Each structure stands twice: as structure tokens, then as C-alpha cells.
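*Asks:* Residue numbers (the working numbering), protein chains in the order written: chain H, 1 to 270; chain X, 1001 to 1267. Sharing a structure here in C-alpha cells format.
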Amino acid sequence: MSAAWAVELRGLGKRYRLPRRGREWLKPWRPRRHQEALAGVDLAVAPGELVALLGPNGAGKTTLLKILAGLVSADAGEARVHGADVARDPELGRARVGYVLTDERSFFWRLTVRDNLRFFAGLEGLFGAEAAARVEYTARLLGLGELLDRRFNALSAGQKQRVALARGLLADPPVLVFDEVTRALDPGRAEQVRRLVRELIVERQGRAVLFATHDLAEARAIADRVVLLSGGKVACEGPFDAVEAEVRAVFRAEAEAEEGALSAILQEAR
Amino acid sequence: MYEFLRRDAKVAVSYRLQFFFQIASVLSVSITFFFLSFMLRQVEGGIRSLEGYGGRYFGFVLIGIAFSSYLDAALRMFAQAVRQAQMTGTLEAMLATRTPVGAVVAGSALYTLAFTTARAALFLGFGSLLLEHQRLHWEAWPGAALVLGLTVAATLALGVFSAGFIVWFKQGDPVTGAIAGLSWLLSGILYPKEIFPAGVQRLADLLPMTHTLKAMRLALLTGADVSAFSGSLVFLAAFAGVGIPLSLAWFRFAVGRARRAGSLASY
Ligand SMILES: Nc1ncnc2c1ncn2[C@@H]1O[C@H](COP(=O)(O)OP(=O)(O)OP(=O)(O)O)[C@@H](O)[C@H]1O
Ligand SMILES: [Mg+2]
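Take a look at the structure:
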């Protein structure tokens, strides 16, 4: 096992237990139904590498990232971050992996940018002068220096995104994971976020990044390498151009599987 | 921990009007009970159940309402703090940091606990201005402080327990709810528990609030020293001593469950 990888997943598996429904309550001895989210995933990311995690809806991207970040526990396999297994020890995942949440609601709207960042710095174990300096530094890095004393709710959408990135960098984690962070952004803002991730976080700072998306153009624009998840397994991986045909085929097949139901609905509507 | 306190205080102060109303409500509630006791004045000499507590209704009820807020606090502070953070998404952001889940939850409830204590102090301070023929025995403060400390600890035990419920089931728990309801009914907040038959009183004696109020009243209204309410102190200490480890274990279990179900931060 090489510690040269920033992230190394081996046979990572996760099944969610589904809640009992209706009549199932009458037969509690029956085994519960499960939803398989990850079925043995192998994947590695090197320091300073940006890997796009591609996959259609329900492929298991969010589950994988949350396991790395210590928010969901795995039930099989290993998830090593610089050698230590965060699937065993979720607290370690929380310390070593930055889970970048760009949902603007995950901030305190009535506080200033500075107070927001100071608060999250505190949760990352930074206090006093050290926290103040770190907040100042990260804010400047993302061009937020002028905005530190504005209330969060007075920022534009693009500025809020940059505050979210700043929050992800506060703890200086070696690994960052992004889950469809450009989903709610217009094309221009999405491009800004991609450039910050690519040029600042990966190229300049040398961090390892896993970037989940179901947007093929985005994956091509940002990643060194793509990993395609489908049905909880790695379907293929490699540089985007090398696997493009296969990726498109998987997305098409997934969509076609639902085609039948769709045409029935449309038939009905006519 | 201090970071949580600062954050919530800033948020609270940013809602200036609401902050002001919360303070004002203390004043208006005190005055309401002052007039109620004014009406009861003719008969209060004859109310035998008040005798042990200095004989006057206003002093009695002042202690009752001042400390009953800890019931609300236990029931709501953890639950509400966690629930609100779940709904806004701040919980997930907080849980993704290296601070352990328990500390995030405790920190989120800290402000309410501090606010509750400040409110109780305000009730006592303002109420003591309205007291007639009676005064608060501030010199009994060591005993009162001890009761306060143990009350906070008992509140924590209940609060952590209900936080576990929120983390797992995403809704309030029946146990803390029942304890709070019974406490309002039986523990002697607005009227002395001595008006109940002996059997019911024994049930009331199982509630921490009963002991908090009894001990606080003995200390602050009659100036009694600790030996007069040592039984209540022992009960509160035992409740906290058993309750805190149990509720922490339950909380940890609930977090593990939620982590497996992938619902740690969802609602
Ligand atoms: N908390 C949960 N409980 C039960 N099943 C879940 C839970 N979270 C996800 N699943 C299921 O696990 C599978 C993988 O979900 P996941 O959210 O990881 O996929 P995803 O690739 O992120 O999808 P999307 O592109 O829609 O965000 C899906 O079938 C989903 O329905
Ligand atoms: Mg997802």
C-alpha cells in the first residue's frame, strides 16, 4: 500500500437500509430492503491531481464523497487519505478532507463574512490571532479582502461562492471534495469557480481534488482524469478524451432505461 | 465553545427588536404575577401550603417562573438548535469540520443555556424590587449556586437525550416532553406541590424540577442553609450523574445510526 496517493479507495462498499413501508411493518422479521450505493469502488487520486467523478443520478457520487469526509460510514472496504483509513475513523476524515459545501444557506446570513469565517475557523481548531490571520489570508486569496465586514446576506451569488471556497480552505486540508458545486450557477460563475479550483487549489497549492459532476463538458474542462461511476461501480477511468465514447455510452444507456416510462407518460398526456 | 456563544449572541443582537422583547417579557410576566399575588394577599396568610416557603405567593411564584425556563431549555435548546441547523444546512457544514458531533450540538445549545440563566437572574433581580414584606436572601448564595449548577447539569442530561432523538428521528422525543409536561403540572412552578395527595407528591419527587424549586425557595426565600435541602441536592446530583453518561451514550449511538443511514445532516 503506497502512501504516495492522497486518496486511495479499495473495494469501498455502502448499502443504505431502506425504511420499512406500509405493510412491511407487519412482518418485522423479514430482512429489510437495501439500496446499494457503492459496490466495491477502487480509485486513487495523487496530490496535486484533479479527478472528476462522473456519473448519472444515483451513481453513488455523493455517497463516496461523504464517506471520505466522515459524514457517512462505509460498510466494506477502505478509504485511505494519506495512508489512514477514514472509513474506520470518520473523525479523521473530517480533519483531513475538506467537504466544500457551496450551498449559500449553510452560512449565517446575519453575520459578516469575517464572523462566518472566524466561526468555522474555530470549528477547525483555530483561535485568536491565528484564526484572524488565517481568515484574513484565505479571504485575500479569494479576493474577498474588501468584503470581510459585509453581512453575508449582502453579497452577490458569485461572492457567496467564493466565501464557500474560502471556508473549505480554512483548515488547510490536503484533500478537498466538491459535490456538484456549479449546479446552481450561471455559466460565467461556474467557470470562475472551476478556474479557482483548478488554478488556485490544485495547480498552485498542490491539493488533491475529487470533483463530482454529471456535466461532461465540465469534467472535460477541469479534470486531469475522469472516473465514471455507474450503479455504484467504476465503469471506466482515464483522461477525458480517452474515455469519452464509453462515458457517453453509459449516460445514454441509463437514460434509455427510463425512456419507456417517459414515452408512456407522454402518450398519456396526448 | 466560546465561538458558538459569540456567534449566537451576535445573531441574537442582530435581531434587535426581538432581543428587546425577550427582555421586556420578563418584566411584564413579573408584573403580571405581582398583581396576581396582590389579589391573593387577603388570603395568603391562610394558605398553609405556602408556609414552608416564607408564606407569600409572589416570592414563591417568582422562583417558580424564574427557574422553570430550564424546562423549556432542556426540551427545546438542543432540539431546536440542531433542528434549525439541519434545516438551513449549517449543520452539515459544521459536521464537516474536525469538531466532534457532540461538541457541535453542545455548542449550538450553549447560548440558550446562557440566555436562560441570564433570564432567571433578571427575573430574580427585577422581581426582588417588587417584593414586599419579604426579601430574597442573597446571603444564601452558595447553596443557591450549588442548586443552579446541578440544575444546569440535569438540564444537560435531558437536553442531550433529546438531541439524540433529533439526530436519529428528526423529531422531538416523547420522554423529555413527558418530563416537561409533568413538571409543569406537578413540580410546583405556579402552586405548591403540597396541594396534591401524598401519592402524587411522591411522583413529583421524581422530577428534577421539583427539587430545584424546593431547594431554591428554601435558600432564597427563607435563607436556609444547605443542610435544609441536602436531600434535593443529592437527588439532582444523582440525576445528573446517572443521566449525563446515559444520555451521552445514547447520543453517540444515535449519531452512529445516522451516519450509517446517511442522514446525519438531513431532515
Ligand atoms: N440516505 C440515504 N438513504 C437511502 N438511500 C440513499 C441515501 N442516500 C442515497 N441513497 C441512494 O443511494 C444511491 C446513490 O446515491 P448518491 O446520492 O450517492 O448518488 P449521486 O451519484 O450523488 O446522485 P446525484 O447525481 O443524483 O446526486 C441512490 O440510489 C440513492 O437513492
Ligand atoms: Mg449527489
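Cβ coordinates follow ideal geometry from the N, Cα and C atoms, glycine included. This structure is a prediction, so every number in the text was calculated from the model and none was measured.
#1: Could you check the C-alpha separation between Pro173 (chain H) and Met1216 (chain X) for me, to the nearest Å?
#2: For Met1087 (chain X), count neighbouring C-beta atoms within 10 Å of its own C-beta (all shown protein chains included) and say buried if the count is 16 or more, exposed if not.
#3: Quick check: is any heavy atom of ligand 1 less than 7 Å from the C-beta of Lys1170 (chain X)?
#4: So, with DSSP's three-state summary, where would you put Leu32 (chain H)?
#5: Using the rule of at least 16 other Cβ atoms within 10 Å of the residue's Cβ for burial, across every protein chain shown, is Ser1230 (chain X) buried or exposed?
#6: Got a sec: does ligand 2 put a non-hydrogen atom nearer than 7 Å to the Cβ of Lys61 (chain H)?
#7: Please check if any C-beta of chain H sits within less than 8 Å of the C-beta of Lys1214 (chain X).
#8: Excluding the 5 residues preceding and the 5 following Ile1189 (chain X) in the sequence, name in chain order all residues of the same chain whose CB lies nearer than 6 Å to its CB.
#9: Given a threshold of 16 other Cβ atoms within 10 Å of its Cβ, counted over all protein chains shown, does Pro1208 (chain X) qualify as buried or as exposed?
#10: Mind checking whether Leu147 (chain H) and Val193 (chain H) have CB atoms under 8 Å apart?
#11: Can you tell me whether DSSP reads Leu210 (chain H) as helix, strand or coil?
#12: Grouping DSSP H, G and I as helix and E and B as strand, with all else coil, what is Gly128 (chain H)?
#13: Quick one: list the residues of chain X neighbouring Lys66 (chain H), beta-carbon separation under 8 Å, in chain order.
#14: I'd like to confirm something about Gln1086 (chain X): is its beta-carbon nearer than 7 Å to some heavy atom of ligand 1, or not?
#15: Could you check what DSSP says for Lys233 (chain H) in three-state terms: helix, strand or coil?
#16: Check Met1 (chain H) in the structure and name its three-state DSSP category.
#17: Leaving out the 5 sequence neighbours to the left and right, which residues in its chain are closer than 6 Å to Ala1140 (chain X) when beta-carbon positions are compared?
#18: Name the DSSP beta bridge partners of Tyr99 (chain H), please?
#19: For Ala1081 (chain X), which residues in chain H fall below 7 Å Cβ to Cβ?
#20: Judging by CA-CA distance, which residue of X:Pro1100, X:Thr1090 and X:Gly1089 is the nearest neighbour of Pro90 (chain H)?
#21: What residues in the stretch 1159-1187 of chain X have a beta carbon less than 9 Å from any beta carbon of chain H?
#22: Excluding the five sequence neighbours on either side, which residues of its own chain have a C-beta within less than 6 Å of the C-beta of Phe1123 (chain X), listed in chain order?
#23: Cutting at 6 Å between CB atoms, please list the residues of its own chain near Cys236 (chain H), excluding the five before and the five after it.
#24: Measuring from the CB of Val103 (chain H), is there a heavy atom of ligand 2 at a distance below 7 Å?
#25: So, helix, strand or coil for Arg225 (chain H), using DSSP?
#26: Is the closest heavy atom of ligand 1 to the C-beta of Gly13 (chain H) under 7 Å?
#27: Would you verify that the beta carbon of Tyr99 (chain H) is, or is not, closer than 8 Å to some beta carbon of chain X?
#28: Given that Leu1124 (chain X) touches chain H, what residues does it touch there, using C-beta distances under 9 Å?
#29: For Arg151 (chain H), I'd like the list of residues in its chain whose CB is within less than 6 Å of its CB, leaving aside the five on either flank, ordered along the chain.
#30: Just to make sure I have the definition right: I need the residues of chain H whose C-beta is within less than 7 Å of the C-beta of Ala1249 (chain X). Which are they?
#31: From the DSSP secondary-structure annotation, give me the bridge partner or partners of Val45 (chain H).
#32: Can you list, in chain order, the residues of the stretch 204-218 of chain H whose Cβ is nearer than 9 Å to any Cβ on chain X?
#33: When you measure from the CB of Asp42 (chain H) to every non-hydrogen atom of ligand 2, does any distance come out below 7 Å?
#34: Just checking, does the stretch 1171-1188 of chain X make contact with the stretch 1103-1123 of chain X on the three C-beta pairs under 8 Å criterion?
#35: Inspect the beta-carbon positions of Ala1145 (chain X) and Leu1236 (chain X) and report whether they are closer than 8 Å.
#36: Any C-beta of chain H within less than 7 Å: which residues of the stretch 1073-1105 of chain X qualify?
*Replies:* On the basis of the data shown:
#1: C-alpha separation (whole angstroms): 50 Å.
#2: Flag for Met1087 (chain X) reads exposed.
#3: Because no heavy atom of ligand 1 lies under 7 Å away, the Cβ of Lys1170 (chain X) does not count as near it: no.
#4: In the sequence as displayed, the identity of residue 32 (chain H) is Arg instead of Leu. Correct three-state label for Arg32 (chain H): coil.
#5: The C-beta of Ser1230 (chain X) has fewer than 16 other C-beta atoms within 10 Å across all chains shown, which makes the residue exposed.
#6: Yes.
#7: Chain H, which has no Cβ nearer than 8 Å to the Cβ of Lys1214 (chain X), makes this no.
#8: Setting aside the 5 residues that flank it on each side, Ile1189 (chain X) is surrounded in the same chain by Gly1064 and Ser1068, each with a C-beta closer than 6 Å to its C-beta; the list follows chain order.
#9: By the Cβ-count criterion, Pro1208 (chain X) is buried, with 16 or more other Cβ atoms from all chains shown falling within 10 Å of its own Cβ.
#10: Against a cut-off of 8 Å, the Cβ pair of Val193 (chain H) and Leu147 (chain H) comes out as no contact.
#11: In the structure shown, Leu210 (chain H) adopts extended strand secondary structure according to DSSP, grouped into three states.
#12: Gly128 (chain H) falls in the helix class under three-state DSSP.
#13: Below the 8 Å Cβ cutoff, chain X contributes Gly1262 as neighbours of Lys66 (chain H), in chain order.
#14: Every heavy atom of ligand 1 is 7 Å or more from the Cβ of Gln1086 (chain X), so no.
#15: Strand at Lys233 (chain H).
#16: With a pLDDT of only 48 at Met1 (chain H), under 50, the local geometry of the prediction cannot be trusted, and no value is derived from it.
#17: Apart from sequence neighbours up to five positions away, the residues of its chain that approach Ala1140 (chain X) with a beta-carbon distance below 6 Å are Ala1219 and Gly1223, ordered along the chain.
#18: DSSP, once it has assigned bridges, lists H:Val177 as partnering Tyr99 (chain H).
#19: Ordered by position in chain H, no residue passes the 7 Å Cβ test against Ala1081 (chain X), which lies about 13 Å from the chain.
#20: Pro90 (chain H) has its Cα closest to that of X:Pro1100, out of X:Pro1100, X:Thr1090 and X:Gly1089.
#21: Those residues of the stretch 1159-1187 of chain X that come within reach of chain H (Cβ to Cβ, closer than 9 Å) do not exist; the list is empty.
#22: Result list for Phe1123 (chain X): Val1026 and Ala1066, in chain order.
#23: Exclusion of the five residues before and after Cys236 (chain H) leaves Leu228, Val243 and Glu246 as the residues of its chain whose Cβ lies within less than 6 Å of its Cβ.
#24: Reading off the sequence shown, one finds Asp at residue 103 (chain H), where the question assumed Val. For Asp103 (chain H), the Cβ stays outside the 7 Å cut-off from all heavy atoms of ligand 2.
#25: Residue state, collapsed to three classes: strand.
#26: In this structure, ligand 1 has no non-hydrogen atom nearer than 7 Å to the beta-carbon of Gly13 (chain H).
#27: Under the 8 Å criterion on CB atoms, Tyr99 (chain H) is classed as interfacial with respect to chain X.
#28: What Leu1124 (chain X) touches in chain H: nothing, since even the nearest Cβ is about 31 Å away.
#29: For Arg151 (chain H), where only same-chain residues beyond five positions count, the Cβ hits under 6 Å are Thr112.
#30: Within chain H, no residue comes near Ala1249 (chain X); the closest Cβ sits about 17 Å away, beyond 7 Å.
#31: Val45 (chain H) is bridged to H:Val7.
#32: Against chain X - using a Cβ distance shorter than 9 Å - the stretch 204-218 of chain H contributes no residues.
#33: No, since every heavy atom of ligand 2 falls outside the 7 Å radius drawn around the Cβ of Asp42 (chain H).
#34: At 8 Å Cβ cutoff, the stretches do not touch.
#35: When the beta-carbon positions are compared, Ala1145 (chain X) and Leu1236 (chain X) stay at least 8 Å from each other.
#36: So the close ones are Thr1088, Gly1089, Thr1090, Glu1092, Ala1093, Met1094, Leu1095, Ala1096, Thr1097, Arg1098, Thr1099 and Pro1100.
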